[in-house]
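In the numbering used here, the protein residues as written are 2 to 514.
Inspection log for the structure reproduced underneath, given as C-alpha cells.
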C-alpha cells in the first residue's frame, strides 16, 4: 500500500487527483464499515431500480406474442413515456436524495450539539431554515426525559422534520398531473414525432397504450419523489418492497387483462397503471410514519432551492432524453421490425445498466452526508469504492449478456428477421456495460457532491456531439449506426465524470491540496 500511495504524490508532495480511482484498490471487495454501508444501500436500490424495467420486459414479452406490429407500437410508446417522465423524475429524485441526506446530517449534528460549517448551500437563509426545523425536532424529541415505562408496544417513534420531503411531494404531484395532461392531449403528434406516421399500422395501438399508461403519471412521479426521500435516509429497502409488490401485481395482471379479458395492449397499460398506484400508496403509508409532512410555514418548503438546482438537472435530463428518444425515433423510421429489435435491445441495455445505478444511489447518499459534515476523507473513500465496484459489475454484466442474450431474445419474439437484428445489436449491448456502469456511478458521485452545474453543462456538450453522431451514422449504417452512436454517447458521459474528479475541479478541489 505504501508504494501505491506513493504514486499519488509528485516531487512537490502535491496529490494527483486521478489517483482517487485507485485508492485502496487492493481491498475493494473488503466488507469493512464503508463497504458494508454501500452494499446495504446499493443492493436493495439496484433491485428496486431494475424491477420496473424487468416489468416492462415482461410487458414486452407478452405483447410480442400478439405480433411484431404491436410490439413495435408499444416500444415506441414506452420509449416516449419513459423519456418524458425522466424530464421530471430525474431532477426531482436526484435533488430530493441529496437535500434530504444533507438535512438529515444537519439534524443529526444539531441534535448532538455539534456546530460545523456545512457545505449544504451558500444561501444562509436555507441553512437557518434547516437548522430551525432540526432544532424544532430536537426540542420535541430530545428535551423530554426518557421514561422506560412509556416505551411500550403502543409508543411510536418521533417523526422527523425534513423540509425537502414535503417539497418533493408537492412538486411531484404537480409534475405528475402536468405530464398526464401533456401526454394524453398530445399523444398523436408526439407519436408522429417519434416516426409513427398517420398511415402506419403502429399508430392506433401505440396511441391507445400511451394514453392509458399516462393515467399513471401522477403515481409515478409521487412514488419516485418518495423513493428520493427514503434514499436520502439511506433506506433503500422500503422502496424495494413497495416496487416488488407493485411490479408483481403488474406481472400477474398482464396475462389476465391481455388474454383472458382480451384487452390486448390496453390490458398491458392498465396493469401497469394499477401497479404504480399501489407502489405510491405503500410508500406514502410508510413515509407518514417517519416524517412530519406538514411544515411549520410555506417558507420551509424551500421551493426556490429545489427549482434552482432542479433547473440545472432539467437541462441535463433534456439532453439525455433527446439522445435516447432520437435513437428510438430513428429506429422507428427504419420500419416495424428494426424498431421491434431496437426496443428489445434497448430494454435489456437499460435494465442491466441500471444495476450500476444502485451503486450511484449509495454513493450519492453517503457523499451528500459526508460533504455536509466536511468529511473529505470519507468522501474520497466512498467515491473510489463505488467506482471500482461499478467497473467490476460492468465486466460481469458484459460477460452475462454476451453469452446469454442470444438465447434469451427468443422470449421476446419468434420473428426471424427481428431475431436477426437483435443478434446484430447484442455485441453493442454487452460490450458497453463497463462504460455504462461507470457513467451511471459518476452521476451519483456528482449529485452527492451537489455538483449539479457541471453535470448539466457537461451533459449538454455530450448530447450535442452524440446527436450529430446519431444523424450521421444512422443515415449511413442504419441499425448498426444507431448503436455505434449510442456507444459513443455513453463513452463521452463516462469521460466527463473522469475529467471532473481526475483534474480535481469544483467540489473535488480538496484532492489537489
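Glycine included, C-beta positions come from ideal geometry on N, C-alpha and C.
* **Inter-residue spacing [alpha-carbon to alpha-carbon] between residue 246 and residue 473** => As a working note, residue 246 is residue 245 in the chain shown. As a working note, residue 473 is residue 472 in the chain shown. Residue 246 and residue 473: Cα-Cα distance of roughly 44 Å.
* DSSP three-state assignment for residue 417, whether helix, strand or coil -> Residue numbering aside, residue 417 sits at position 416 when the chain shown is read from its first letter. Helix.
* **Endpoints, the alpha helix (DSSP H) within which residue 166 is located** => Here residue 166 is taken as the residue at index 165 of the chain shown, counted from 1. First-last of the alpha helix (DSSP H) with residue 166: 164–186.
* Flag this pair as yes or no: are the beta carbons of residue 218 and residue 180 separated by less than 8 Å? => In the chain shown, counting from the first residue as 1, residue 218 sits at position 217. In the chain shown, counting from the first residue as 1, residue 180 sits at position 179. Yes, Cβ-Cβ distance for residue 218 and residue 180 is below 8 Å.
* Asked: Can you pull the DSSP bridge partners for residue 161?
  -> For the purposes of this step, residue 161 is taken as residue 160 along the chain shown, with counting starting at 1. Per DSSP, 292.
* Buried or exposed: where does residue 34 fall if 16 or more other Cβ atoms within 10 Å of its Cβ makes it buried? -> Indexing the chain shown from 1 puts residue 34 at position 33. Exposed.
* Assuming residue 449 and residue 365 make a contact with CB atoms under 8 Å, what is their CB distance in whole Å? -> Working through the chain shown from its first residue, we reach residue 449 at position 448. Working through the chain shown from its first residue, we reach residue 365 at position 364. With 8 Å as the limit, residue 449 and residue 365 qualify as a contact, their Cβ atoms being about 4 Å apart.
* **Cβ-Cβ distance between residue 349 and residue 406 below 8 Å** => In the chain shown, counting from the first residue as 1, residue 349 sits at position 348. In the chain shown, counting from the first residue as 1, residue 406 sits at position 405. Cβ atoms of residue 349 and residue 406: closer than 8 Å.
* **Pick from 444, 326, 280, 70 that is closest to residue 80, judged by C-alpha positions** => Locating residue 80 in the chain shown gives position 79, counting from the first residue. Distance check between residue 80 and each of 444, 326, 280, 70 places 326 closest, using alpha-carbon atoms only.
* Does the count of Cβ pairs from the region 183–202 and the region 95–110 closer than 8 Å reach three? -> They do not touch, by the three-pair rule.
* Taking residue 510 as the reference, give the member of 36, 378, 159 with the closest Cα. => As a first step, residue 510 must be located in the chain shown, where it is residue number 509. Ranking 36, 378, 159 by Cα distance to residue 510 puts 378 first.
* Evaluate the contact criterion for the region 421–436 versus the region 338–357: three or more CB pairs, one atom per stretch, below 8 Å. => yes
* Cα separation between residue 107 and residue 490? -> Locating residue 107 in the chain shown gives position 106, counting from the first residue. Locating residue 490 in the chain shown gives position 489, counting from the first residue. Distance between the alpha carbons of residue 107 and residue 490 is about 38 Å.
* **Inter-residue Cα distance where the pair is residue 88 and residue 215** => On the chain shown, residue 88 is found 87 positions in, with the first residue counted as 1. On the chain shown, residue 215 is found 214 positions in, with the first residue counted as 1. If I take the Cα positions, the gap works out to 14 Å.
* State the DSSP-derived secondary structure class of residue 99, mapped to helix, strand or coil. => What you label residue 99 is simply residue 98 of the chain shown in a count that begins at 1. Correct three-state label for residue 99: helix.
* **residue 96 and residue 370 closer than 8 Å at C-beta** => Stepping through the chain shown from its first residue, residue 96 is reached at position 95. Stepping through the chain shown from its first residue, residue 370 is reached at position 369. Result no, Cβ atoms of residue 96 and residue 370 do not sit closer than 8 Å.
* Can you grab the Cα-Cα spacing for the pair residue 270 / residue 210, in whole Å? => One-based indexing of the chain shown puts residue 270 at position 269. One-based indexing of the chain shown puts residue 210 at position 209. So the two alpha carbons sit approximately 6 Å from each other.
* Asked: So is residue 318 buried or exposed if we call it buried at 16+ other beta carbons inside 10 Å?
  -> As a position in the chain shown, residue 318 is number 317, starting the count at 1. By the neighbour-count rule (16 or more Cβ atoms within 10 Å), residue 318 is buried.
* Asked: Taking the alpha carbon of residue 189 as the point to measure from, which residue in 177, 176, 203, 178 has its own alpha carbon closest?
  -> Residue 189 sits at position 188 when you count from the first residue of the chain shown. The option with the nearest alpha carbon to residue 189 is 203.
* **Selection from 226, 26, 93 that minimises the alpha carbon distance to residue 288** => Reading the chain shown from its first residue, position 287 is the one you call residue 288. Ranking the options by Cα distance to residue 288, first place goes to 226.
* Asked: Just how far apart, CA to CA, sit residue 48 and residue 338?
  -> The sequence position of residue 48 within the chain shown is 47, counting from 1. The sequence position of residue 338 within the chain shown is 337, counting from 1. Roughly 31 Å separates the two Cα atoms.
* Cutoff 6 Å; reference residue 91; Cβ partners in own chain excluding five residues on either side -> Working through the chain shown from its first residue, we reach residue 91 at position 90. Excluding sequence neighbours, residue 91 sits near 318.
* To do: Following the continuous alpha helix (DSSP H) through residue 504, name the residue where it begins and the one where it ends.
  => Reading the chain shown from its first residue, position 503 is the one you call residue 504. Here residue 504 belongs to no alpha helix (DSSP H), and DSSP marks it neither H nor E.
* According to the Cβ coordinates, are residue 248 and residue 60 closer than 8 Å? -> Taking the first residue of the chain shown as position 1, residue 248 is located at position 247. Taking the first residue of the chain shown as position 1, residue 60 is located at position 59. Result no, Cβ atoms of residue 248 and residue 60 do not sit closer than 8 Å.
* **Extent of the continuous alpha helix (DSSP H) run through residue 239** => Position 238 of the chain shown, counted from the first residue, corresponds to residue 239. Its alpha helix (DSSP H) spans residues 238–256.
* Find out if the Cβ-Cβ distance for the pair residue 362, residue 445 is shorter than 8 Å. => As a working note, residue 362 is residue 361 in the chain shown. As a working note, residue 445 is residue 444 in the chain shown. In this structure, residue 445 lies closer than 8 Å to residue 362 by Cβ.
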